[in-house]
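Novice: Residue numbers (the working numbering), protein chains in the order written: chain S, 4 to 670; chain G, 37 to 369; chain Y, 33 to 228.
Where a beta carbon is used, it is the ideal one built from N, C-alpha and C, also for glycine.
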């Protein structure tokens, strides 16, 4: 449980319900807000871990022929840095925001399947621990985050089994999360909230959930094929028997490129929420931003082979994928221009969330433009697998996705904790990070163009790469330093943070209409929505010039207790199921001696599924007085309580049995 | 602005201290690629300046000022603008697309009258075979300045994917087991062009380097004649005896002798090893001191996995044996 | 309100069954899962590595077992009809029939695999063998999971605990079952019929 430590800071500020405290209540929680916080805390912990891995990488590369790490250690670290940042940091951070915010932003009391949601988190947490624990069990995986066959199927040591099995486990978490989010967004929106009145953030999460639904199964197949080649003697990727390594590349990138959008679209959603609030103007071209997001996702399935321009696809395929790749720049550009349009003529308040959002636009644009140079196939054959491409995707995933995520953290933290994060520390964080980030990654463009190949543990001293590598390393440490004010502000927030009202930033969307922190049931009365940015329009109208004028002041919402709201009960089956799954995975990897563990894991797993299937999702598990309330068909007996009458329509539905999803994927 | 300034500065940087730079193209292929890249880059630079300037402008110009109580106009969108910033970038991309597609097809063509070279990627060194000339060598490819070169590249079935990349001469091309990929090079100017394997291929990927040495046609012919000749080996000498005793010939071939090499764990052909200037995946200068260090413990110079038939094992040689073998190798000119 | 939900199960704001939405999403994902394995198979359909190829297929036999699985979709429809009519006896009869037909199909697959192994088509002799066994094996695993779900439906129904409003119900299992059938029709066509 050591990895839970970073959450401790958040655990201390759960909310006003003392009765809901305690570790057990977190372990059995099915509350989307708590699950979101646990996702966020765990992902931030892995962010620090992945960052430390990056610092070792940069130390090794600070000087030519570096001796800080052996080649073996270096290969392990860059593999785990990539795997960690993609699968254990950015994806779960997006899930954290989605979990916490989607229900509140659409006016629901929880996600569609709260227990399945808890299961997603526990599977993610244990899967992440599983993957990272390889360090103590023979070394980190060392075949690259992309695990190209036959390198990944060739080595005898257990490391790449950890990688393949770990990603398969994490895939279950993401798939269940995607099913949950799509169902929640499609079916549980508050009355009046049509699809085109949803916040853009929710739209982007929906698009991401669809991308996950249709891309995860493809990498699942690729991973199964690698795993079976390694463990069951299949010959999918054995060239001697006629296996084709290029098939793996197609399958991996058919997942891998949508994955890039899975990583960036949530941040695009966050920025689309932050910019209007701090410009005091609505999002420019709402429909265009939404359609552009959907178009990026659709096109994202048609560009995968641009990761394979040097694989020898032939000029026809290369030209086709070059054109689709160029074309995807168009919707991306539309988004950038609409964001600029949002801020144009606004009344800009440069609070920390806004700084990160503007930083996102600037940095992501650089990453997007270098992406266009990759679509030019001949140029790409010089750039790919060089540091130029390393620079490119760090501008997209760090300057883009992570800056967007930090914008979101500063923006929604007052909602989560009831206290603002320090503005002063936030500005230090932003400016140091912006400087450190550019010092680290801007020089890498040139290093790549000057012939520095990716994933090389050493480079020779006499080819002109020394200076910029040193600059890049200094920048990396500056990024590390920039995290200190953030961590300090987080750790001291519950004491030093300035108290925030419910409507912390004069916001536009529904989450600002509930208290900070929100009550367990989110909405005392489920709102009826009339417009995009409904909450803003309750406060502001427009005068004849089109300027905003205040028409109403919303009183600070009362802090309701949950006593009369029907909510799903806590359950320990999700964590049991997740634990069983991962125990079985450990057991599998250690051959004969692992068999007892495999059996125990399988028993726990099936016990979890069985118990889950038997459990009445609304039946009180313990003496949680805030969780009584009837099952749908008991409602008559329990008696409709006053609050429930108005809320029945949007009431959180009981969790249907989700076990078959797990079994199906698991089979 | 700072970035742009550096960009201009760096793009015009001189070639001398950057031997592996893609920005110092030699030969037609690399030049075409560089031209196309620069065209794209300048267009990108316009957008880069535009967007980043707009961000700065907005942050300064529209910043909320104290005492200004007026709210901004609530603009929800503008269809004409949307169409503009959809169509214009699309048109610009079309401008880039045309030369891109043309260049893709140009570069894929096999040049006429080309020198054929077979490239075989090994973990972690390169083998070159000149099928028409009967030459086999490692890591250092020699080519004439007056003739294009056409590379047919693959690996052994039990090997992994590599990528052949000489930045001065052309983009990279993956070397994939079970497939033959091709790449053409030409170097009108004599010189040594450095490269590095560009697809992660395991433990010593970083030390899988190579070079292309372009020489005048006359020098090239002389080199070929020298390389084709069988090795001059004293079959009664200690060196040859030790070479056989220690099992070197199982992996390394020496032309004109019984050492046939090959096997499960092939090593570079040593017929004329002393004529090369580097060894160990092109990452060490070939000299007595380095050769001794190599024979003492090969994996200390270039980490390898001989226990799974990848790379040179530590033969546990005594210092005397090392001296004998180094002397023997240095005779293989 | 209470009677409404009792009939239609957990619903979203607009009355849609959220479990069905979720099941559709999951099945959409499954399409890509099987699609990728089928793509792998198509790529490797000639890569027999000197071992046996499609000549070991026994089309008449597999046609019969495919027919059995198709018939199970029919019995599933009948089960669902009985479920809509609240006819528990008929429901159980048709659920048992569906589970039995599914089991017969699985038995046929086990027999087929055994025969192929005897004739030298194995998972570890060729990419063709790998792709064949892993694709059809994963499909078989899906059928087995379906049979398990049908069995639990039967048990729950006997105990009188088969609720509509929570957990898996006959409609969801039916969706899943029909999907697995359709996938088999694709596999039978692409892997067997088009290859020989």
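Tell me whether residue 668(S) is buried or exposed, calling it buried when 16 or more other Cβ atoms sit within 10 Å of its Cβ.
Specialist: The predicted position of residue 668(S) is uncertain, since its pLDDT is 35 and thus under 50; a value taken from the coordinates is nonetheless stated next. Looking at its Cβ environment, which holds 16 or more other Cβ atoms inside 10 Å, residue 668(S) is buried.
Novice: Please go through the same chain and pick out, in chain order, the residues whose beta-carbon is closer than 6 Å to the beta-carbon of residue 165(G), but skip the five residues on each side of it.
Specialist: Answer for residue 165(G): 154 and 172, listed in chain order.
Novice: Are the Cβ atoms of residue 420(S) and residue 492(S) separated by less than 8 Å?
Specialist: No, the Cβ-Cβ distance between residue 420(S) and residue 492(S) is not below 8 Å.
Novice: Taking only beta-carbon atoms, is residue 150(Y) less than 8 Å away from chain B?
Specialist: The structure shown contains no chain B; the protein chains it does contain are S, G and Y.
Novice: Measuring alpha carbon to alpha carbon, tell me which of 576(S), 379(S) and 284(S) ends up nearest residue 540(S).
Specialist: Looking at the Cα atoms, 284(S) is the closest of the given residues.
Novice: Please report the Cβ distance between residue 525(S) and residue 106(S), rounded to the nearest whole angstrom; I am assuming they are in contact, meaning their Cβ atoms lie under 8 Å.
Specialist: The pair is a contact, with the Cβ atoms about 6 Å apart (cut-off 8 Å).
Novice: Can you tell me whether residue 660(S) is buried or exposed, with buried defined as 16 or more other CB within 10 angstroms of its CB?
Specialist: Unreliable placement is indicated for residue 660(S), whose pLDDT of 37 sits below 50; the coordinate value is still reported in the next sentence. Residue 660(S) should be labelled buried.
Novice: From the DSSP output, in three-state form, read off residue 304(S) for me.
Specialist: Coil.
Novice: Tell me the residue span of the alpha helix (DSSP H) that contains residue 97(Y).
Specialist: Unbroken alpha helix (DSSP H) run through residue 97(Y): 91-116.
Novice: For residue 638(S), count neighbouring C-beta atoms within 10 Å of its own C-beta (all shown protein chains included) and say buried if the count is 16 or more, exposed if not.
Specialist: Any answer about residue 638(S) is weak, because its pLDDT of 33 lies below 50 and its placement is not dependable; what the coordinates show is given next. Answer is buried; the Cβ neighbour count reaches 16.
Novice: Taking the C-alpha atoms as reference points, what is the distance between residue 129(S) and residue 114(Y)?
Specialist: Cα to Cα, residue 129(S) sits roughly 43 Å from residue 114(Y).
Novice: Would you say residue 72(Y) lies against chain S (beta-carbon separation less than 8 Å)?
Specialist: Cβ-Cβ to chain S under 8 Å: yes for residue 72(Y).
Novice: For residue 684(S), decide whether its Cβ has a neighbour in chain Y, counting only Cβ atoms nearer than 8 Å.
Specialist: Outside the displayed span of chain S (4 to 670) sits residue 684(S), for which this structure offers no information.
Novice: Can you list, in chain order, the residues of its chain with a C-beta nearer than 6 Å to that of residue 174(Y)? Leave out the 5 residues immediately preceding and following it.
Specialist: Excluding residues within five positions, the ones whose Cβ falls inside 6 Å are 212.
Novice: Please check if any C-beta of chain G sits within less than 8 Å of the C-beta of residue 157(S).
Specialist: Output row for residue 157(S): interface = yes.
Novice: To the nearest angstrom, how far is the alpha carbon of residue 118(Y) from that of residue 503(S)?
Specialist: For residue 118(Y) and residue 503(S), the distance between alpha carbons rounds to 55 Å.
Novice: Just to confirm, is the Cβ distance from residue 372(S) to residue 83(G) under 8 Å?
Specialist: Their beta carbons are under 8 Å apart, which means residue 372(S) touches residue 83(G) by this criterion.
Novice: Can you find a CB in chain S that lies within less than 8 Å of the CB of residue 64(G)?
Specialist: Chain S contact via Cβ: absent.
Novice: Would you tell me roughly how many angstroms separate the C-alpha atoms of residue 98(Y) and residue 206(Y), rounded to the nearest one?
Specialist: In a straight line, the C-alpha of residue 98(Y) is about 18 Å away from that of residue 206(Y).
Novice: Taking the DSSP output, what are the residues bridged to residue 543(S)?
Specialist: DSSP lists 553(S) as partners of residue 543(S).
Novice: Compute the distance between the beta-carbons of residue 13(G) and residue 288(G), then report whether it is under 8 Å.
Specialist: The question about residue 13(G) has no answer, for chain G in this structure spans 37 to 369.
Novice: Check whether the Cβ atoms of residue 222(G) and residue 248(G) sit closer than 8 Å, and answer yes or no.
Specialist: Their beta carbons are not under 8 Å apart, which means residue 222(G) does not touch residue 248(G) by this criterion.
Novice: Among residues of its own chain, excluding the 5 on either side of residue 43(S), which ones have a beta-carbon nearer than 6 Å to its beta-carbon?
Specialist: For residue 43(S), where only same-chain residues beyond five positions count, the Cβ hits under 6 Å are 99.
Novice: Less than 8 Å between the C-beta atoms of residue 153(S) and residue 86(S), yes or no?
Specialist: Their beta carbons are not under 8 Å apart, which means residue 153(S) does not touch residue 86(S) by this criterion.
Novice: DSSP beta-bridge partners for residue 247(G)?
Specialist: The partner list for residue 247(G) (beta bridge, DSSP) reads 176(G) and 230(G).
Novice: So which residues of chain G does residue 284(S) contact, with C-beta pairs closer than 8 Å?
Specialist: The contacting residues are 108, 109, 110 and 111.
Novice: Excluding five sequence neighbours on each side, which residues of the same chain lie with their C-beta closer than 8 Å to the C-beta of residue 214(Y)?
Specialist: There are no such residues.
Novice: Skipping 5 residues on each side, what residues in its chain have a beta carbon closer than 6 Å to that of residue 251(G)?
Specialist: Cβ within range, chain order: 226.
Novice: At 9 Å on the CB atoms, spell out the chain G contacts of residue 559(S), in chain order.
Specialist: By Cβ distance, chain G contributes nothing, its closest Cβ being about 22 Å from residue 559(S), past 9 Å.
Novice: With a 10 Å radius around its C-beta and 16 neighbouring C-beta atoms as the bar for buried, classify residue 99(G) as buried or exposed.
Specialist: Flag for residue 99(G) reads exposed.
Novice: Is it buried or exposed for residue 198(S), if we count other Cβ within 10 angstroms and need 16 for buried?
Specialist: Result: exposed.
Novice: Verify the CB distance criterion: does residue 247(S) have a CB-CB separation below 8 Å to chain Y?
Specialist: Output row for residue 247(S): interface = yes.
Novice: Would you call the CB atoms of residue 212(S) and residue 181(S) closer than 8 Å?
Specialist: Going by C-beta atoms, residue 212(S) is nearer than 8 Å to residue 181(S).
Novice: So, does the CB of residue 87(Y) fall closer than 8 Å to a CB anywhere in chain S?
Specialist: It does not: the Cβ of residue 87(Y) has no partner Cβ on chain S nearer than 8 Å.
Novice: Return the CA-CA distance between residue 87(Y) and residue 70(Y), expressed in angstroms with no decimal places.
Specialist: About 19 Å.
Novice: Quick check on residue 254(S) - is its C-beta less than 8 Å from some C-beta in chain Y?
Specialist: Answer yes: the Cβ-Cβ gap between residue 254(S) and chain Y drops below 8 Å somewhere.
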